[in-house]
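Novice: Here my numbering is used: the sequence shown runs in plain steps of one and ends on residue 345.
Here it is: the structure, laid out below.
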Amino acid sequence: MNVRFDKAQLLRFQSLIALFLLCMALTMLSDKFLTVSNLWNVLRQISVNICISIGMTLVVLTAGIDLSVGSILALSGAITAGLLKNGIELPTQNLFIGFTILGAILVGILCGTFLGALNGISITRFKVPPFVATLAMLTVARGLTMLWTGGFPISSLGDTFLYLGAGWFLGIPVPVWITTVLVLVAIFITKKTQLGTYIYAIGGNESASRLSGINVKRVKIIVYSIAGALAAIGGLLVTARLDSAQPNAGISYELDSIAAVVIGGTSLSGGRGSIIGTVQGAIIIGVLNNGLVLLDVSPFWQQVVKGLVILLAVIIDKANSSDE
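Laid out in structure tokens, this is it:
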């Protein structure tokens, strides 16, 4: 009985234990790691991954996957930047439409939501496997980003917009505030709402959920729409921080997001996991990235290390699932 309890406790806190050990190692290896400026820098950087990973968690909880979040991030950021700086000109009607910061942001988020909904519709209505549907959207969104930007950055977006990504409020970076609010909302949805109950039920047993009266198709469309909207918010933070919408923004972000979800203890089989666990996973990925940079590790080896960490997390997840 005591062995089972100890093992359960270990599994529950495995992410925190891994994070503590990683921080201890980096503190000993680099005197720059445990500084206030560096820690704030880490938190600012992981804010984007947390935004994306919240949506990815909801998707994975339904036993799905979303490979398009990085491209949706890039397209939404580019659309927001383009509307903010250039507006829209309708040559046929000789009409120019300008956009305020709020208007451009809302359009960018709506764009991400719409693309996410298309993912959900492809998966539910046309029975396309999530991997294939979102892989197709990855390519489509990336192509649309290149068409919208012409392959060039859209820069100089103004100090007010820059504040969203690089500003400070009450001594804390603005992106950290935004991410904190999103995390709290996501926790409330998963723990206290009917939608959250349905998400876990579908991931646990989709057939049983359907037979019990849950509208599985609608829930999945909502989940993928939320994932798209959160990817768009991540795109806004990236664009605001750089004061520029880069056509190649968000490349490989989906991998960091999936890594955060898996390391945080969410099962790729669905039905088991938490937003808090994902936040811990995102912090681990962020600290690992930061530590490798401080230690002057080659970017190529950084990819190798992150890949091995993801593989290890999946192996641990499978081992835990087989023991249950």
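We put the beta carbon where it would ideally sit given N, CA and C, even for glycine.
In this text the structure is predicted, and so the values were computed from the model without any measurement.
(1) When the distance is taken between beta carbons, is Ile73 closer than 8 Å to Gly255?
(2) How about Gly76 and Gly271: are their beta carbons less than 8 Å apart?
(3) By Cβ distance, which residues of its chain are closer than 6 Å to Val140, with the 5 residues on each side in sequence left out?
(4) Could you tell me which residues DSSP puts in a beta bridge with Ala229?
(5) Please state whether the Cβ-Cβ distance between Val283 and Ile331 is less than 8 Å.
(6) If distances are taken between C-alpha atoms only, which option among Leu191, Ala95 and Leu136 comes closest to Gly172?
(7) With a Cβ-Cβ cutoff of 8 Å, do Val240 and Tyr219 count as a contact?
(8) So, is Val206 buried or exposed, given that buried needs 16 or more other C-beta atoms within 10 angstroms?
(9) How would you write the range of the alpha helix (DSSP H) that Ile210 sits in, first residue to last?
(10) Quick one: what's got a C-beta closer than 8 Å to Ala138's C-beta in the same chain, skipping five residues either side?
(11) Would Val195 and Leu185 qualify as a contact pair, given that the criterion is a beta-carbon distance under 8 Å?
(12) Unbroken alpha helix (DSSP H) runs of length 4 or more, entirely within the stretch 50 to 115: which are they?
(13) Three or more beta-carbon pairs under 8 Å between the stretch 208 to 216 and the stretch 57 to 66, yes or no?
(14) Compute the beta-carbon to beta-carbon distance between Leu216 and Thr101, rounded to the nearest angstrom, for a pair I have assumed lies under 8 Å.
(15) Helix, strand or coil: which one does DSSP assign to Ala266?
(16) Alpha helix (DSSP H) containing Thr302: first to last residue?
(17) Nearest by alpha-carbon distance to Thr121: which of Lys106, Thr134, Trp61 and Cys132 is it?
(18) Below 8 Å between beta carbons: does that hold for Lys327 and Leu309?
(19) Count the other CB atoms, across all protein chains shown, that sit within 10 Å of the CB of Gly291; report buried if there are 16 or more and exposed otherwise.
(20) Could you give the C-beta distance for Val4 and Gly98, rounded to a whole number, given that I count them as a contact under 8 Å?
(21) Over what stretch of residues does the alpha helix (DSSP H) that includes Arg163 continue unbroken?
(22) If I follow the unbroken alpha helix (DSSP H) through Phe135, where does it start and stop?
(23) Need the endpoints of the alpha helix (DSSP H) that Gly188 sits in, please.
(24) In the structure shown, what three-state DSSP assignment does Ser246 receive?
(25) Please look up how many angstroms separate the CB atoms of Leu40 and Ile304, rounded, as I've assumed it's under 8 Å.
(26) Which residue from Ser143, Leu313 and Leu329 puts its Cα closest to that of Leu347?
(27) Report yes if the C-beta distance between Ile71 and Val300 is below 8 Å; otherwise report no.
(28) DSSP on Ser176, reduced to helix/strand/coil?
(29) Which of the three DSSP states, helix, strand or coil, is assigned to Ser290?
(30) Leaving aside the five residues before and after Ser273 along the sequence, list all residues of the same chain whose C-beta is less than 7 Å from its C-beta, in chain order.
(31) Kindly indicate which three-state DSSP category Ser278 falls into: helix, strand or coil?
(32) Taking just the CA atoms, how far does Phe135 sit from Gly192?
(33) Here's the rule I'm using: 16 or more other beta-carbon atoms within 10 Å means buried, otherwise exposed. How should Asp277 be labelled?
(34) Rounded to whole angstroms, how far is the Cβ of Gly307 from the Cβ of Ala280, which I believe are closer than 8 Å?
(35) How long is the line joining the alpha carbons of Gly103 and Trp61, rounded to whole angstroms?
Specialist: Quick look at the numbers:
(1) Along the sequence shown, read from residue 1 onward, the residue named residue 255 stands at position 234. Along the sequence shown, read from residue 1 onward, the residue named residue 73 stands at position 52. For Gly255 and Ile73, yes; Cβs fall inside 8 Å.
(2) For this step, residue 76 is matched to residue 55 along the sequence shown. For this step, residue 271 is matched to residue 250 along the sequence shown. Result no, Cβ atoms of Gly76 and Gly271 do not sit closer than 8 Å.
(3) Sequence index remark: in the sequence shown, residue 140 carries index 119 (1-based). Just to set this straight, residue 140 is Asn in the shown sequence, not Val. Within the same chain, Asn140 has close Cβ partners Ala154, Thr155, Met158 and Tyr245.
(4) Locating residue 229 in the sequence shown gives position 208, counting from the first residue. Bridge partners of Ala229: none, in fact.
(5) Working through the sequence shown from its first residue, we reach residue 283 at position 262. Working through the sequence shown from its first residue, we reach residue 331 at position 310. In contact: Val283 and Ile331 (Cβ atoms closer than 8 Å).
(6) As a working mapping, residue 172 is identified with position 151 in the sequence shown. The shortest Cα separation from Gly172 among Leu191, Ala95 and Leu136 belongs to Ala95.
(7) Along the sequence shown, one-based indexing puts residue 240 at 219. Along the sequence shown, one-based indexing puts residue 219 at 198. Yes, Cβ-Cβ distance for Val240 and Tyr219 is below 8 Å.
(8) Here residue 206 refers to the residue found at position 185 when the sequence shown is read from its first residue. Of the other Cβ atoms in all chains shown, fewer than 16 fall within 10 Å of the Cβ of Val206; this residue is therefore exposed.
(9) The residue you call residue 210 lines up with position 189 of the sequence shown. Judged by DSSP secondary structure, Ile210 falls within the alpha helix (DSSP H) whose first and last residues are Val195 to Lys213.
(10) If you number the sequence shown from 1, residue 138 lands on position 117. Excluding positions up to five away in sequence, the list reads Ile242, Tyr245, Ser246 and Gly249.
(11) The count along the sequence shown starts at 1 and reaches residue 195 at position 174. The count along the sequence shown starts at 1 and reaches residue 185 at position 164. Their beta carbons are under 8 Å apart, which means Val195 touches Leu185 by this criterion.
(12) Taking only runs of at least 4 residues, the alpha helix (DSSP H) segments lying wholly in the stretch 50 to 115 are 57 to 82 and 90 to 107.
(13) Fewer than three Cβ pairs drawn from the stretch 208 to 216 and the stretch 57 to 66 lie within less than 8 Å of each other, which leaves the two stretches out of contact.
(14) As a first step, residue 216 is located in the sequence shown; it is residue number 195 there, counting from the start. As a first step, residue 101 is located in the sequence shown; it is residue number 80 there, counting from the start. Rounded, the Cβ-Cβ distance is 27 Å, inconsistent with contact.
(15) One-based indexing of the sequence shown puts residue 266 at position 245. Reduced to three states, the DSSP call for Ala266 is strand.
(16) Along the sequence shown, read from residue 1 onward, the residue named residue 302 stands at position 281. Residue 302 is actually Gly in this sequence, not Thr. Run containing Gly302: Ile296 to Leu315, per the alpha helix (DSSP H) assignment.
(17) Counting from one through the sequence shown, the residue named residue 121 turns up at place 100. Ranking the options by Cα distance to Thr121, first place goes to Lys106.
(18) Counted from its first residue, the sequence shown places residue 327 at position 306. Counted from its first residue, the sequence shown places residue 309 at position 288. A distance below 8 Å separates the beta carbons of Lys327 and Leu309.
(19) Translated into the one-based positions of the sequence shown, residue 291 becomes position 270. With 16 or more other Cβ atoms from the protein chains shown falling within 10 Å of its own Cβ, Gly291 counts as buried.
(20) Lying outside 22 to 345, the shown extent of the chain, residue 4 is not represented and no answer is given.
(21) By 1-based counting over the sequence shown, the position of residue 163 is 142. Counting along the chain, Arg163 sits inside the alpha helix (DSSP H) bounded by residues Pro151 to Thr170.
(22) Taking the first residue of the sequence shown as 1, we reach residue 135 at position 114. Start and end: Ile122 to Thr145.
(23) For this step, residue 188 is matched to residue 167 along the sequence shown. Here Gly188 belongs to no alpha helix (DSSP H), and DSSP marks it neither H nor E.
(24) Residue 246 sits at position 225 when you count from the first residue of the sequence shown. Here DSSP, grouped into helix, strand and coil, assigns Ser246 to helix.
(25) As a position in the sequence shown, residue 40 is number 19, starting the count at 1. As a position in the sequence shown, residue 304 is number 283, starting the count at 1. Sure, about 6 Å apart at Cβ, within 8 Å.
(26) Coverage of the chain is limited to positions 22 through 345, which leaves residue 347 absent and any answer about it impossible.
(27) Locating residue 71 in the sequence shown gives position 50, counting from the first residue. Locating residue 300 in the sequence shown gives position 279, counting from the first residue. Going by C-beta atoms, Ile71 is nearer than 8 Å to Val300.
(28) Residue numbering aside, residue 176 sits at position 155 when the sequence shown is read from its first letter. Ser176 sits in a strand when the DSSP states are folded into three classes.
(29) For this step, residue 290 is matched to residue 269 along the sequence shown. The answer is coil: DSSP assigns Ser290 none of H, G, I, E or B.
(30) Position 252 of the sequence shown, counted from the start, is the residue given in the question as residue 273. Cβ contact annotation for Ser273 (same chain, cutoff 7 Å, sequence separation greater than five): Gly91, in chain order.
(31) For the purposes of this step, residue 278 is taken as the residue at position 257 of the sequence shown. The DSSP-derived three-state label of Ser278 is helix.
(32) By one-based count along the sequence shown, residue 192 stands at place 171. By one-based count along the sequence shown, residue 135 stands at place 114. Our two residues, Gly192 and Phe135, have alpha carbons roughly 35 Å apart in a direct line.
(33) Residue mapping note: residue 277 aligns to position 256 of the sequence shown, counting from 1. With 16 or more other Cβ atoms within 10 Å, it is buried.
(34) Your numbering for residue 307 matches position 286 in the sequence shown. Your numbering for residue 280 matches position 259 in the sequence shown. The beta carbons of Gly307 and Ala280 sit about 11 Å from each other, so the pair does not count as a contact at 8 Å.
(35) If you number the sequence shown from 1, residue 103 lands on position 82. If you number the sequence shown from 1, residue 61 lands on position 40. CA-CA distance, Gly103 to Trp61, rounds to 29 Å.
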